[in-house]
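*Asks:*
Numbering (the working numbering), first residue to last: 929 to 989.
#1: In whole angstroms, what separates the C-alpha of residue 983 from that of residue 977?
#2: Straight-line CA distance for residue 927 to residue 981?
#3: Below 7 Å CB to CB, which residues in the same chain sit around residue 942 once its five sequence neighbours on both sides are set aside?
#4: Exposed or buried, what is residue 968 when buried is set at 16 or more other beta-carbons lying within 10 Å of its beta-carbon?
#5: How many Å lie between residue 950 and residue 965 at the Cα?
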């Protein structure tokens with residue numbers, strides 16, 4: 929199910945900061961889909977672009 933037009937995207941769960949590796953993350957108040965790392969003060973978001981086929985599925989065709 930996708931979000932309604934104009935609605936903010938749901939926040940993807942993350943378990944560590946991709947920049948410093950720390951786990952002390954909080955939802956960003958400024959960015960609806962963002963996370964703020966309390967250790968390095970970076971604000972980032974995670975977005976899935978697509979689900980690709982596995983390599984053996986490509987060669988089977």
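Beta carbons: idealized from backbone N, C-alpha and C, even for Gly.
*Replies:* Considering the structure as presented:
#1: Distance between the alpha carbons of residue 983 and residue 977 is about 18 Å.
#2: Nothing about residue 927 can be reported from this structure: the residues present for the chain run from 929 to 989 only.
#3: If we look at residue 942 and ignore the five residues flanking it on each side, its Cβ neighbours are 953, 963 and 974.
#4: Burial call: exposed.
#5: Each residue's alpha carbon lies about 8 Å from the other.
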